[in-house]
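Below: one structure, written as structure tokens.
Protein chains: 2
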Amino acid sequence: MTNRQSSLVEPCESGDKPYHHGDLRRQILDEAARLLKEEGEAGLSMRKLAQNLGVSRTAPYHHFKDKQALLCGVAEEGFRRLREVVRTPPYVEGAEISEAAVRLFVHRYVQFSIDNAEYYELMFGARLWKSEQLTESLRLEAHNAFKVYIEQIRLWQQSISTSTVDALRFAQVSWSTLHGMSRLLIDGIYLDATAINVMSDTAAKMFWQQLYIQA
Amino acid sequence: MTNRQSSLVEPCESGDKPYHHGDLRRQILDEAARLLKEEGEAGLSMRKLAQNLGVSRTAPYHHFKDKQALLCGVAEEGFRRLREVVRTPPYVEGAEISEAAVRLFVHRYVQFSIDNAEYYELMFGARLWKSEQLTESLRLEAHNAFKVYIEQIRLWQQSISTSTVDALRFAQVSWSTLHGMSRLLIDGIYLDATAINVMSDTAAKMFWQQLYIQA
DNA sequence: AAGCAATCTTGACACTGTCCATATTGAGCA
DNA sequence: TGCTCAATATGGACAGTGTCAAGATTGCTT
Numbered sequence: 006m007t008n009r010q011s012s013l014v015e016p017c018e019s020g021d022k023p024y025h026h027g028d029l030r031r032q033i034l035d036e037a038a039r040l041l042k043e044e045g046e047a048g049l050s051m052r053k054l055a056q057n058l059g060v061s062r063t064a065p066y067h068h069f070k071d072k073q074a075l076l077c078g079v080a081e082e083g084f085r086r087l088r089e090v091v092r093t094p095p096y097v098e099g100a101e102i103s104e105a106a107v108r109l110f111v112h113r114y115v116q117f118s119i120d121n122a123e124y125y126e127l128m129f130g131a132r133l134w135k136s137e138q139l140t141e142s143l144r145l146e147a148h149n150a151f152k153v154y155i156e157q158i159r160l161w162q163q164s165i166s167t168s169t170v171d172a173l174r175f176a177q178v179s180w181s182t183l184h185g186m187s188r189l190l191i192d193g194i195y196l197d198a199t200a201i202n203v204m205s206d207t208a209a210k211m212f213w214q215q216l217y218i219q220a
Numbered sequence: 006m007t008n009r010q011s012s013l014v015e016p017c018e019s020g021d022k023p024y025h026h027g028d029l030r031r032q033i034l035d036e037a038a039r040l041l042k043e044e045g046e047a048g049l050s051m052r053k054l055a056q057n058l059g060v061s062r063t064a065p066y067h068h069f070k071d072k073q074a075l076l077c078g079v080a081e082e083g084f085r086r087l088r089e090v091v092r093t094p095p096y097v098e099g100a101e102i103s104e105a106a107v108r109l110f111v112h113r114y115v116q117f118s119i120d121n122a123e124y125y126e127l128m129f130g131a132r133l134w135k136s137e138q139l140t141e142s143l144r145l146e147a148h149n150a151f152k153v154y155i156e157q158i159r160l161w162q163q164s165i166s167t168s169t170v171d172a173l174r175f176a177q178v179s180w181s182t183l184h185g186m187s188r189l190l191i192d193g194i195y196l197d198a199t200a201i202n203v204m205s206d207t208a209a210k211m212f213w214q215q216l217y218i219q220a
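These protein sequence lines map, in sequence, to chains L and C.
Each residue of the first sequence is one higher than the one before, starting from 6 at the first, in our numbering.
Each residue of the second sequence is one higher than the one before, starting from 6 at the first, in our numbering.
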């Protein structure tokens, strides 16, 4: 029942149970991601989540309409992170894209999916996308991420004056390759972690050659 | 309470509740796949499954140790089907592989994943592969499927005398592409069904050119 | 100070996977 | 034929789940 002022000081001091908690939504998102990472999808329940945060079972429902909505929130954050990875290539405007740059790009994407597997699975899982209950903000964030990806490919393609590849189609297929590799790895089908680099390099070389191919 | 003889007649006559049912395991697998297809993963529960088949909730547990084991059984069947698709290319032994053959192969794979989405999701989902409870028979069936795939690629590569591609690496990456396209489609991220053919063709052309590339 | 909206809590309900003891059955052996 | 035994099916029970409805608490605004 101890009560403390909170508007001025940082509300996140830990200790006794506070009044209104103040920072829940944020902590829910983080704890959800943590649970997903540690125990997998089966280990994430609304009740356990609430208990771990020291609030009642239904408290989270004032910040997320649904479990679904919560997962959408987590995925949304994943897309924001991914966008930064995709958008920050070592690509100098005007200069011709190099094979090394493509290789680095591939490595970054795959590495992101591994480092953020909890997020990645949600971001591109049927759980959310086949549910007809996608948060509008998530749909926006996802659409945006793909737009950034296409824009990136278009820059590559335009930097090579002789390239005849259709940028959109190439974007779709190359993304499929990246996505496929990532899923096979994080879903536990490709266990050989040392194969990651070899596969990434092979994929990068394929992309690179594809960009130069003439019709 | 009506009771009937059963040893001589076909036990699967429908009508009143029979003695020992006799054909359960098979029907469980089918009904599970049906439920997955109609209502998605969330719509499949052991209890509903049993109820739909007219048996008690725990009856399925005499044929599958677990829900997990049941899903493994379904996935296993999926792998058997996939193997047939992969193994039956229009490829004439000895003749050089044609671009059209590659294209057809890609189409077949993607089409399989769409037509058997319920199976595909299980076959390559984290649900099973990250669970440490994979049925041994499933692990075998899966391993076999990938072996058949590699063998196929190797045939292609050997049919082109000038090809310098590393067959194993190319198999890994091309499979990633196929898997990525399939997942993006069946998970509902690529909604545009008309894009399937275009993407498949683009991927096929990429594979084809890759097979011919010189180091 | 009063009121209101946001936030949190408790209780309840239907549903889930799965263990247990029990009942039914079919097949193999005397 | 009759008896036994393992395979199969059943209902009860338990802990766990998502989520709704009603009530309590709190902080902000007027």
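All C-beta atoms, glycine included, are put in the ideal place defined by N, C-alpha and C.
All figures in this text were calculated on a predicted structure; none of them were measured in a lab.
Tell me the rounded alpha-carbon separation between residue i and residue j.
i	j	result
Leu145(L)	Met186(L)	25 Å
Gly130(L)	Leu87(L)	15 Å
Ala100(C)	Ser164(C)	7 Å
Tyr217(C)	Arg174(C)	15 Å
Tyr114(C)	Gln56(L)	45 Å
Asn121(C)	Arg39(C)	11 Å
Asn8(C)	Arg85(C)	Caution is warranted here: a pLDDT of 32 is assigned to Asn8(C), below 50, making its placement in the model unreliable, and the coordinate value is therefore given only provisionally. If you take the alpha carbons of Asn8(C) and Arg85(C), they lie about 38 Å apart.
Ala150(L)	Arg108(L)	20 Å
Trp213(C)	Trp161(C)	10 Å
Ala200(L)	Ala209(L)	14 Å
Gly27(C)	Ala147(C)	29 Å
Thr63(C)	Glu156(L)	54 Å
Glu137(C)	His67(L)	36 Å
Ser61(C)	Glu46(C)	21 Å
Glu123(C)	Arg31(C)	17 Å
Thr207(L)	Thr93(L)	22 Å
Phe117(C)	Tyr154(C)	14 Å
Ser50(C)	Lys70(C)	14 Å
Ser181(C)	Val111(C)	12 Å
Val170(L)	Lys53(C)	51 Å
Glu104(L)	Ser205(L)	12 Å
Ser166(L)	Val91(C)	39 Å
Leu143(C)	Ile158(C)	23 Å
Ala172(L)	Leu41(L)	36 Å
Ala80(L)	Lys72(C)	27 Å
Leu133(L)	Ser168(C)	42 Å
Leu65(C)	Lys152(C)	Rather than Leu, the amino acid found at residue 65(C) in this sequence is Pro. Rounded to whole angstroms, Pro65(C) to Lys152(C) spans 32 Å at the Cα level.
Met211(L)	Arg188(L)	19 Å
Ile194(L)	Ile194(C)	21 Å
Ala37(L)	Ile33(C)	34 Å
Ile102(C)	Ile102(L)	33 Å
Gln215(C)	Leu183(L)	17 Å
Glu89(L)	Glu89(C)	42 Å
Here's the rule: buried if 16 or more other CB atoms are within 10 angstroms of the residue's CB, otherwise exposed. What is residue i?
i	result
Gly48(L)	exposed
Leu35(L)	Checking the sequence, you will find Asp at residue 35(L) rather than Leu. It counts as exposed.
Gln177(L)	buried
Ser179(L)	buried
Gly59(L)	exposed
Glu44(L)	exposed
Ala106(C)	buried
Thr140(C)	buried
Asn202(C)	exposed
Glu82(L)	buried
Under 8 Å by Cβ, that's how I've got residue i and residue j pegged, so tell me the actual separation to the nearest angstrom.
i	j	result
Ile119(C)	Leu190(C)	6 Å
Lys135(L)	Asp197(C)	15 Å between Cβ atoms; not a contact.
message: I want to know whether the stretch 75–94 of chain C touches the stretch 115–127 of chain C - three or more CB-CB distances under 8 Å.
response: Contact holds: three or more Cβ-Cβ distances are below 8 Å.
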